[in-house]
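In what follows, a structure is listed as structure tokens, so that the remarks can point back to it.
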Amino acid sequence: MEDDYNPSEKAVKIVEKIKEMTGIPAIFIDRKPNTVQPSLTDSKFGGLPYWDMEKEYPTDSKGEKMMLLAQINFSDLCAFDTELPKEGMLQFFITVDDDVFGMDFDNPVSQKDFRVVFHDTVRQDVTEEQVQTLNIVRAEEADDYSTPIFHQAALSFRAGIDFMSSDVEDFPTVFVQAVKAVTGEEIDEENWYKYFGEDTDDGCYLSEELSGLGHKMLGYPGFIQFDPREEHKELKCYDTLLLQIDSDMGEDREDYVLWGDCGVANLFINKEALRKRDFSNILYNWDCS
Numbered sequence: 090m091e092d093d094y095n096p097s098e099k100a101v102k103i104v105e106k107i108k109e110m111t112g113i114p115a116i117f118i119d120r121k122p123n124t125v126q127p128s129l130t131d132s133k134f135g136g137l138p139y140w141d142m143e144k145e146y147p148t149d150s151k152g153e154k155m156m157l158l159a160q161i162n163f164s165d166l167c168a169f170d171t172e173l174p175k176e177g178m179l180q181f182f183i184t185v186d187d188d189v190f191g192m193d194f195d196n197p198v199s200q201k202d203f204r205v206v207f208h209d210t211v212r213q214d215v216t217e218e219q220v221q222t223l224n225i226v227r228a229e230e231a232d233d234y235s236t237p238i239f240h241q242a243a244l245s246f247r248a249g250i251d252f253m254s255s256d257v258e259d260f261p262t263v264f265v266q267a268v269k270a271v272t273g274e275e276i277d278e279e280n281w282y283k284y285f286g287e288d289t290d291d292g293c294y295l296s297e298e299l300s301g302l303g304h305k306m307l308g309y310p311g312f313i314q315f316d317p318r319e320e321h322k323e324l325k326c327y328d329t330l331l332l333q334i335d336s337d338m339g340e341d342r343e344d345y346v347l348w349g350d351c352g353v354a355n356l357f358i359n360k361e362a363l364r365k366r367d368f369s370n371i372l373y374n375w376d377c378s
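Numbered per my numbering, the sequence shown spans residues 90 to 378.
And the structure:
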């Protein structure tokens, strides 16, 4: 990042102080090269979903079968010490024909056009041929305006430490505390964003270092616009980032994931519900510039 910007020494120290104050564990998700083709039960974006043929497949508000956006096989994460399940599979589905990708702006927890499904057991006897008989539209095959997934992708996971993004509601308080710790200055919390002058790279450096963006589970969310939980207090109970899927352009300059105009999607859950493995009540949000 310092190759792109030329921040002041003070800005670097303030950002490092914020990282020191806010670091929490997270699982970061990497898209594998497109030469790696995911299997039916692999963790992936897009593609053909695993499905227990004895269960009813999810449908949208029109009764149409939904398409898979993401599938997380928790056996890939069992070595990590987190509150996530050690086994089973989490899937994220959306309606096929919708230019807002199944999101309900008035009621973002209504799963009428998106669905989160948890399988506590992954059956090894399910075959691709069986699932193909369901005639499901794959996300990467849908019309460009109704899918954020342009190519299916296998996923890998790594544990790490995540830091509070500058768009999170509590960030101004943290910033003021970090400034005082580093410089001794006491600044106005309401105008914290004016602390770094416009004629420096300091503000851009902070925003990039603490963007909160990227594919991940747990940790802090990132937003292009704002945190919906800040504006709607009844959503504050969704206090845990279950899954974040960011826009993702490959080295070949191809879009693999694209939420509108380079946006990001977040799925939130209540911490206690996660402990109980109850994925029935999820806040789904995505925004773009």
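Think of the CB as a built atom: it goes at the ideal place given N, C-alpha and C, for glycine as much as any other residue.
- Cβ neighbours of R342 within its own chain (closer than 8 Å, five residues either side excluded): none.
- When the beta-carbon positions are compared, W348 and C377 come within less than 8 Å of each other.
- The beta carbon of P96 sits closer than 7 Å to the beta carbons of D290, D291, Y294 from its chain, once the five residues preceding and following it are set aside; these are given in chain order.
- For W375, DSSP records a beta bridge to A354.
- About 11 Å separates the beta carbons of V220 and T130, which is beyond the 8 Å limit, so they are not a contact pair.
- The residue among A242, S300, N280, F246 with its C-alpha nearest the C-alpha of L157 is A242.
- Assigned with DSSP and collapsed to three states, M156 falls in strand.
- With 16 or more other Cβ atoms from the protein chains shown falling within 10 Å of its own Cβ, I358 counts as buried.
- No Cβ-Cβ contact shorter than 8 Å links L330 with P197.
- The Cβ-Cβ distance between P261 and E274 does not fall below 8 Å.
- DSSP, read as helix, strand or coil, puts M192 in coil.
- For S150, no beta strand (DSSP E) run applies, since DSSP gives it neither H nor E.
- One alpha carbon belongs to E320, the other to V257, and they sit about 12 Å apart.
- Annotation for A248: P114, I116, F169 place their beta carbon closer than 7 Å to its own, counting only its chain and skipping 5 residues before and after.
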